[in-house]
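Trainee: Line order of the protein sequences matches chains L and A. Just so we're aligned: 51 in our numbering is position 51 of the first sequence, and the numbers increase by one with no gaps anywhere. Just so we're aligned: 64 in our numbering is position 64 of the second sequence, and the numbers increase by one with no gaps anywhere. In this text, a Cβ means the ideal position worked out from N, Cα and C, and glycines have one as well. Just so it is clear, the structure is predicted and the values come from calculations on it, not from any experiment.
There are 2 protein chains.
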Amino acid sequence: MFIRRMLQRRLGYWTLAELDKFDYRLLELLQENSRLTGNELSAKVGLSSAACLRRVQRLRETGVIERDVAIVSPKVFGKKMMVIVLLTMERDRPDRYMLMREEFGRMPEVVQCHHVTGAHDFVLRIQVSDMEEYSAFVDRVFHEPYIKRYESLAVLGSLK
Amino acid sequence: MFIRRMLQRRLGYWTLAELDKFDYRLLELLQENSRLTGNELSAKVGLSSAACLRRVQRLRETGVIERDVAIVSPKVFGKKMMVIVLLTMERDRPDRYMLMREEFGRMPEVVQCHHVTGAHDFVLRIQVSDMEEYSAFVDRVFHEPYIKRYESLAVLGSLK
DNA sequence: CAAATCCGTGCGAGATTTTCGCAAAGAATC
DNA sequence: GATTCTTTGCGAAAATCTCGCACGGATTTG
Chain L
1 MFIRRMLQRR LGYWTLAELD KFDYRLLELL QENSRLTGNE LSAKVGLSSA ACLRRVQRLR
61 ETGVIERDVA IVSPKVFGKK MMVIVLLTME RDRPDRYMLM REEFGRMPEV VQCHHVTGAH
121 DFVLRIQVSD MEEYSAFVDR VFHEPYIKRY ESLAVLGSLK
Chain A
1 MFIRRMLQRR LGYWTLAELD KFDYRLLELL QENSRLTGNE LSAKVGLSSA ACLRRVQRLR
61 ETGVIERDVA IVSPKVFGKK MMVIVLLTME RDRPDRYMLM REEFGRMPEV VQCHHVTGAH
121 DFVLRIQVSD MEEYSAFVDR VFHEPYIKRY ESLAVLGSLK
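Written as structure tokens, this is what we have:
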């Protein structure tokens, strides 16, 4: 906690400085459950409630904690089906990657999108209600000339 | 909102009943930012603060909202490297899947684990600090007789 | 069709939680 | 060792959440 000042504004952008073990412990806990109160945190990390909350506040302000989200059971939205897609594109236009990423970002079915090295270009995680919706999605999105190949892996079960 | 009582205890387990448009709106908002206050929710949803909070409380109790988590910038943990692994196992023992899942669940490097259909059996998302750590992980985990094949896709960039 | 019942609402008091100022203490710098 | 910088704990004030209550609309019952 000596040379903290975790982020310093320097030439217009933010630079990370070091976090100490208390910060890491807090992050660990909040990553698991972001609704822990100051007192609960206090009990687990061994700092006063106020100190914990002050640190957490700073972690949020500085972007170490990017955001807080509620995890909603996928069943609720009726999106019972998850598919992982390995996507391979034609190697004609390198700028296509950025465009694709942006497009995927706007599609609600695409829950996750990774640009990867190797035989494939993208790994997508798709959440839909049923095979029909997935089929429509595939028709709409993957039947483009610049998409060379796609492989769908239906998810049977997940962890984490 | 008439026949709510969204979950009813029935023969020992919980069954979903319907959520109305307010619930969906709340879920949508909290999925984006779980730190919205009652007043903020109220303004966006058009119910009183108390009504919003009561609904959210119930959504949590009934498991519609599974949990709340803080999203920590991956850079902070120095886990700068993400790898997606397509794993194929020997088809000798079907019960191995469950064992594997449990094992993966205990490994901190494994951020996500999906059991899938098709040519591969598992899709894992691995988070490590560097190639060295990844290499060690591979040696430790994937060099087992029952693992037939694995393909590592290094992630260049991600969305969502 | 009215009465009874169920379920959710808004209001507002009370409880809990968070924020913030302040004095003090630990570490770094000189 | 003095000065400066940063964080701590405490406690008051502010913000937020929880809960009881009375009310009203919708469904069910008689």
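Does chain A have any CB closer than 7 angstroms to the CB of L/A136?
Mentor: no
Trainee: DSSP on A/E28, reduced to helix/strand/coil?
Mentor: Here A/E28 sits in helix by DSSP.
Trainee: Given that a residue counts as buried once 16 or more other Cβ atoms are within 10 Å of its Cβ, and exposed if not, what is A/R55?
Mentor: buried
Trainee: Would you identify the three-state DSSP class for L/A50, choosing helix, strand or coil?
Mentor: Looking at L/A50 - three-state DSSP - the assignment turns out to be helix.
Trainee: Could you check which residue in L/A119, L/T117, L/V76, L/V138 has the C-alpha nearest to that of L/F104?
Mentor: L/V138
Trainee: Taking 7 angstroms as the CB-CB limit, is A/E90 close to chain L?
Mentor: Using a Cβ-Cβ cut-off of 7 angstroms, A/E90 does not count as an interface residue toward chain L, since no Cβ of chain L sits closer than that to its own.
Trainee: Using the rule of at least 16 other Cβ atoms within 10 Å of the residue's Cβ for burial, across every protein chain shown, is A/Q127 buried or exposed?
Mentor: buried
Trainee: Taking C-alpha atoms, which residue in A/R149, A/K80, A/A70 lies nearest to A/M131?
Mentor: A/K80
Trainee: Would you mind stating whether L/L41 and L/C52 have Cβ atoms separated by less than 7 angstroms?
Mentor: yes
Trainee: Along the beta strand (DSSP E) that carries L/V116, what are the first and last residues, could you check?
Mentor: 110-116
Trainee: Counting only beta-carbon atoms, is L/K79 nearer than 7 angstroms to chain A?
Mentor: no
Trainee: Any C-beta of chain A within less than 8 angstroms: which residues of the region 26-39 of chain L qualify?
Mentor: L27, L30, Q31, E32, N33, S34, R35
Trainee: Is there a Cβ of chain L sitting closer than 7 angstroms to that of A/S129, yes or no?
Mentor: no
Trainee: Give the DSSP bridge partners of A/T88, in chain order.
Mentor: Note: A/T88 sits in a beta bridge opposite A/R149.
Trainee: Taking the C-alpha atoms as reference points, what is the distance between L/D121 and L/L30?
Mentor: Straight-line spacing of the CA atoms in L/D121 and L/L30 works out to 33 angstroms.
Trainee: Closer than 7 angstroms, CB to CB, is L/K160 near chain A or not?
Mentor: yes
Trainee: Taking Cβ-Cβ distances shorter than 9 angstroms, what residues in chain L pair up with A/F104?
Mentor: Around A/F104, the beta-carbon contacts reaching into chain L at under 9 angstroms are L159, K160.
Trainee: For a contact defined as C-beta to C-beta under 7 angstroms, what are the partners of A/Q57 on chain L?
Mentor: Chain L residues near A/Q57: none, gap ~11 angstroms exceeds 7 angstroms.
Trainee: If I measure Cβ to Cβ from A/I92 and keep anything under 8 angstroms in the same chain, skipping five residues before and after, which residues do I get?
Mentor: Before going on, a small fix: residue 92 of chain A reads as Asp here, not Ile. Result list for A/D92: Y146, in chain order.
Trainee: The alpha helix (DSSP H) spanning L/F142 covers which residue range?
Mentor: 131-142
Trainee: Can you tell which of L/K21, L/R149, L/E66, L/E151 has its C-alpha closest to the C-alpha of L/G46?
Mentor: If we check each option's Cα against that of L/G46, L/K21 comes out closest.
Trainee: Label L/Y134 either buried or exposed according to how many other C-beta atoms from any shown protein chain fall within 10 Å of its C-beta, with 16 as the threshold for buried.
Mentor: buried
Trainee: With distance defined between alpha-carbon atoms, name the residue in A/M82, A/S49, A/N33 nearest to L/I65.
Mentor: A/N33
Trainee: May I have the straight-line CA-CA distance separating A/L11 from A/T62, to the nearest angstrom?
Mentor: Residue placement at A/L11 cannot be trusted, given a pLDDT of 35 that sits under 50; what the coordinates show is reported in the next sentence. Using only the alpha carbons, I get a separation of about 16 angstroms.
Trainee: So the candidates are L/S158, L/L159, L/V116, L/R125; which of them puts its Cα closest to the Cα of L/S152?
Mentor: L/R125
Trainee: Could you give the distance in angstroms between the alpha-carbon of L/E28 and the alpha-carbon of A/V85?
Mentor: Linking L/E28 to A/V85 through their CA atoms gives a straight-line distance of about 25 angstroms.
Trainee: So is A/C52 in contact with chain L if we call contact Cβ pairs under 7 angstroms?
Mentor: no
Trainee: Check whether chain L comes within 7 angstroms of A/R4, counting only Cβ atoms and requiring the distance to be less than that.
Mentor: With a pLDDT of 44 at A/R4, under the threshold of 50, the modelled position of this residue cannot be trusted; read the value that follows with caution. No, because no Cβ of chain L sits closer than 7 angstroms to the Cβ of A/R4.
Trainee: Could you tell me which of L/S158, L/D23, L/E18, L/T37 sits nearest to A/M161, measuring between CA atoms?
Mentor: No information on residue 161 of chain A is available, as it lies outside the stretch 1 to 160 that chain A covers here.
Trainee: Name the two residues that bound the continuous alpha helix (DSSP H) containing L/F104.
Mentor: 96-106
Trainee: Using a Cβ-Cβ distance under 7 angstroms, would A/I126 count as near chain L?
Mentor: no
Trainee: Shorter than 7 angstroms from the beta carbon of A/D20 to some beta carbon of chain L?
Mentor: no
Trainee: Going by other Cβ atoms of all chains shown within 10 Å of its Cβ, with 16 needed for buried, is A/H143 buried or exposed?
Mentor: exposed
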